Amino acid sequence: MSATTLFCTAVLHGLTERPGGDGKPVNAFALLIDLPTVHIDLRQDCELTIALYDAIDNQFISENYTLYWLHENRVLKGRQWRALFIDLGPKTPPHKVYLAIRVVRLGPMESASTLKKAPVAQETSSSQNCRQPYAYALCDVSDAFQPATLASATEEKQHCALLNRIVDDNFEVTLSKAVSGRLNTAKQADGVGEGGAAFAKDQLLLTTQVLLGSVEQIKKAQPHVFALHPPTLVRPMGFPDVIATDDVRNDLYVTLCHADLGHVTKSSDKNIEARLSLVDNNGKLVDDSIVIVGADGVTNMATYSSMVFYHDDKPKWFETVKICIPEDTSKDVHIRIAFRHRRSGDKNKAEKGPFAVAFLKLLEGTKLLEDGQHELLVYKIEANKFDEKDISYTYLPSSKGDLKQSQTLSKPQTSGFIYSDKSSFTVKTLTCSTSLTHNGQCSFFIYI
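Residue numbers (full-length UniProt numbering): 1 to 448.
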């Protein structure tokens with residue numbers, strides 16, 4: 001199997017023998033993490049997303065686990081903060097695997113003056129708040145994936161990960177440089193190069209433990225792990241070599257990569273937020289289609305709001321959104337990304353509508369959306385005239401590939417949507433479905 005696969009080989013019936021020559025294969029294993037202590041020197045609430053990151057392939061191999069830190073009590077929200085990353089398999093050297101942690105501030109949009117100061121808590125409604133980048137941390141868990149470690153279950157291992165600044169608001173590049181040692185900075189507690197000066201007091205104390213077997217095997221062998229407050233199950237982004245008969249998935253992962261929207265917005269309007277929704281053929285948002293895997297289990301919502309980068313019309317989000325594909329595959333649904341401005345100081349003003357949209361069809365006839373990178377077309381709209389139920393844009397080309405196939409000489413547009421040929425927007429998609437393979441696409445081995 002190619003090294004670019006999102007998931008490792010030998011997961012359910014393993015190819016690595018245990019030391020000692022007993023010939024028993026290493027089967028699936030899970031990584032249990034717990035965050036007993038989080039220190040963040042900030043007077044705003046924060047969101048923490050944690051995922052497994054493969055430093056060799058430069059990609060995430062698990063979905064996100066999301067936690068919320070409350071500044072008032074200076075604790076994590078929820079009853080427990082344990083996560084079990086399941087269906088993992090061994091990775092041989094030189095593979096390096098990290099827990100990549102991104103911290104996002106939750107609050108009103110900052111202005112140029114407030115950015116120079118420490119953000120403070122303000123009385124705002126949730127609709128006025130937005131997600132703004134703050135810091136990241138890396139925790140090396142490569143040992144957990146080595147054959148020697150997988151010879152038997154291990155004891156808990158403690159880690160201390162310092163929070164660091166993200167370089168040029170580019171999380172993807174920061175991760176790549178940090179794990180390769182190309183950042184000329186000090187070392188973190190776990191030996192990972194920082195992405196800028198570390199914050200004086202900001203750090204995460206966490207524990208990890210390898211648990212051998214599938215989820216069902218772990219429940220039988222170590223029932224205490226699931227007693228009282230069971231850990232949240234975090235799934236891989238992709239399938240193992242062999243899919244268990246009871247493993248039912250219908251997930252679509254959409255990664256918001258980057259955009260250039262300077263040609264559809266005013267020079268002063270650069271605080272851009274992308275809102276992603278699943279929309280049906282009547283223009284109605286599909287309820288509970290967005291999935292957030294967190295401390296209290298799974299939370300569903302209709303719309304996902306991206307981070308907002310201050311005064312930047314070329315945002316580099318690198319955010320992955322989990323979407324639950326409707327069971328009714330005949331349902332004509334598409335993904336809509338609406339771009340909006342977030343202004344500082346607009347506490348009492350009504351929010352304006354989006355200034356542009358892009359979209360991606362989930363099905364083309366009977367064929368499921370192909371995995372990989374998609375360069376989507378951006379359609380300019382009048383912000384105050386946008387109708388949520390107007391989906392006339394779906395009759396226009398969705399991507400540059402669609403536009404090329406249409407061989408049209410005129411600029412695609414409708415009465416309310418005009419193609420902005422100088423703008424760009426890139427996403428990546430990955431489908432993990434055990435029920436949509438009949439639509440012409442086999443999802444047992446998935447690549448980007």
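Yeah, the Cβ is synthetic: ideal placement off N, Cα and C, and Gly gets one too.
What you are looking at is a predicted structure, and each value in this text was computed from that prediction instead of being measured.
Quick one: give me the first and last residue of the beta strand (DSSP E) that residue i is part of.
i           : result
Asp260      : 250-260
Asp296      : Counting along the chain, Asp296 falls outside any beta strand (DSSP E), and DSSP gives it neither H nor E.
residue 450 : The structure shown does not extend to residue 450, since the chain spans only 1 to 448, so no value can be given for it.
Val234      : 232-234
Gln158      : 157-164
Gln132      : 130-140
Ala55       : Unbroken run through Ala55: none, as it is neither H nor E.
Lys411      : Note, Lys411: premise wrong, no beta strand (DSSP E); not H, not E.
Val357      : 356-361
Pro94       : Unbroken run through Pro94: none, as it is neither H nor E.
Thr320      : 316-324
Phe339      : 334-341
Val38       : 29-39
Glu273      : 272-279
Phe425      : 424-433
Ser305      : 303-305
Could you pull out every residue in the same chain whose Cβ sits closer than 8 Å to the Cβ of residue i, ignoring the five residues on either side in sequence?
i      : result
Pro94  : Ile56
Asp22  : Note that Asp22 scores 43 on pLDDT, short of 50, meaning its location in the model is unreliable and no value can be drawn from it.
Gly213 : Asn27, Ala28, Phe29, Ala30, Ala221
Ser306 : Arg131, Leu256, Glu273, Ala274, Arg275, Leu276, Pro315, Trp317, Glu319
Cys46  : Ile40, Tyr68, Trp69, His71, Val103, Val104, Arg105, Leu106, Tyr134
Asn300 : Asp287, Asp288, Ser289, Ile290, Val291, Ile292, Cys324
Lys96  : Asp54, Ala55, Ile56, Asp140, Ser142, Val179
Cys442 : Note that Cys442 has pLDDT 46, beneath the 50 cutoff, so the model's placement of it is unreliable and no number is given.
Glu375 : Ser399, Lys400, Gly401, Ser424, Phe425, Thr426
Identify, in the order they occur along the chain, each residue of the same chain with its Cβ nearer than 6 Å to the Cβ of residue i, setting aside the five sequence neighbours on each side.
i      : result
Pro262 : The question names Pro, but residue 262 is Gly in the sequence shown. Hits under 6 Å: Asp313.
Thr434 : Val248, Arg249
Asn64  : Thr49, Ala51
Asp296 : Gly78
Val378 : Ala356, Ala358, Ser420, Ser423, Phe425
Lys201 : His39, Asp41
Lys235 : One point to set straight first is that residue 235 is Arg, not Lys, in the sequence displayed. Around Arg235: Glu63.
His258 : Lys316, Thr426
Leu233 : Leu84, Ile86
Lys411 : Tyr419
Cys414 : A quick correction: the sequence has Thr, not Cys, at residue 414. Around Thr414: Ser392.
Under 8 Å by Cβ, that's how I've got residue i and residue j pegged, so tell me the actual separation to the nearest angstrom.
i           : j      : result
Thr76       : Leu84  : Here the sequence assigns Leu to residue 76, which means Thr is not the residue at that position. Their Cβ separation, rounded to whole angstroms, is 17 Å, which puts Leu76 and Leu84 out of contact at 8 Å.
residue 449 : Gln128 : The structure shown does not extend to residue 449, since the chain is modelled only from 1 through 448, so no value can be given for it.
Phe355      : Thr426 : Contact doesn't hold; Cβ gap of about 19 Å is too wide.
Leu380      : Leu369 : Looking at the sequence provided, one finds Lys at residue 380 rather than Leu. Between Leu369 and Lys380 the Cβ distance is about 24 Å, and since that is not below 8 Å, they are no contact.
Arg336      : Val279 : 5 Å
Arg343      : Val308 : Actually they do not touch by this definition, with Cβ atoms about 10 Å apart.
Leu32       : Leu211 : 6 Å
Asp390      : Gly353 : Rounded, the Cβ-Cβ distance is 11 Å, inconsistent with contact.
Val38       : Tyr98  : Not really, about 18 Å apart at Cβ, beyond 8 Å.
Ser392      : Met237 : That belief does not hold up - the Cβ atoms of Ser392 and Met237 are roughly 34 Å apart, past 8 Å.
Leu175      : Tyr53  : 6 Å
Tyr310      : Asn271 : 6 Å
Phe321      : Thr429 : The sequence given here has Val at residue 321, not Phe. Contact flag wrong, Cβ pair sits at about 10 Å.
Trp90       : Phe171 : Residue identity check: residue 90 is Pro in the sequence provided, not Trp. Pro90 to Phe171, Cβ: 27 Å. No contact.
Using C-beta distances below 7 Å, list every residue in its chain close to residue i, excluding the 5 sequence neighbours before and after it, in chain order.
i      : result
Pro326 : Val286, Val333
Gln80  : His229, Ala295
Asp402 : none
Gly191 : Because the pLDDT of Gly191 is 44, which lies under 50, any placement of that residue in the model is unreliable, and the question is left without a value.
Ala137 : Ile101, Ala161, Leu162, Leu163, Asn164, Leu204
Lys219 : Phe226
Glu388 : Gly283
Val173 : Val167
Quick one: give me the first and last residue of the alpha helix (DSSP H) that residue i is part of.
i      : result
Glu172 : 171-180
Leu403 : 400-406
Gln373 : Not the alpha helix (DSSP H): Gln373 falls in the beta strand (DSSP E), residues 372-376.
Val104 : Here Val104 belongs to no alpha helix (DSSP H); instead the beta strand (DSSP E) covers 97-107.
Lys219 : 215-221
Check whether the Cβ of residue i sits closer than 7 Å to any heavy atom of the ligand FAD, and report yes or no.
i      : result
Glu156 : The ligand FAD is not part of this structure, which contains no ligands at all.
With contact counted as at least three CB pairs below 8 Å, one residue from each stretch, are the stretch 205-220 and the stretch 150-159 in contact?
-> Three or more Cβ pairs drawn from the stretch 205-220 and the stretch 150-159 lie within less than 8 Å of each other, which places the two stretches in contact.
For the 8 Å Cβ check, are there 3 or more pairs between the stretch 225-238 and the stretch 390-405?
-> As far as the Cβ criterion goes, the stretch 225-238 does not touch the stretch 390-405, which means the pair count is below three.
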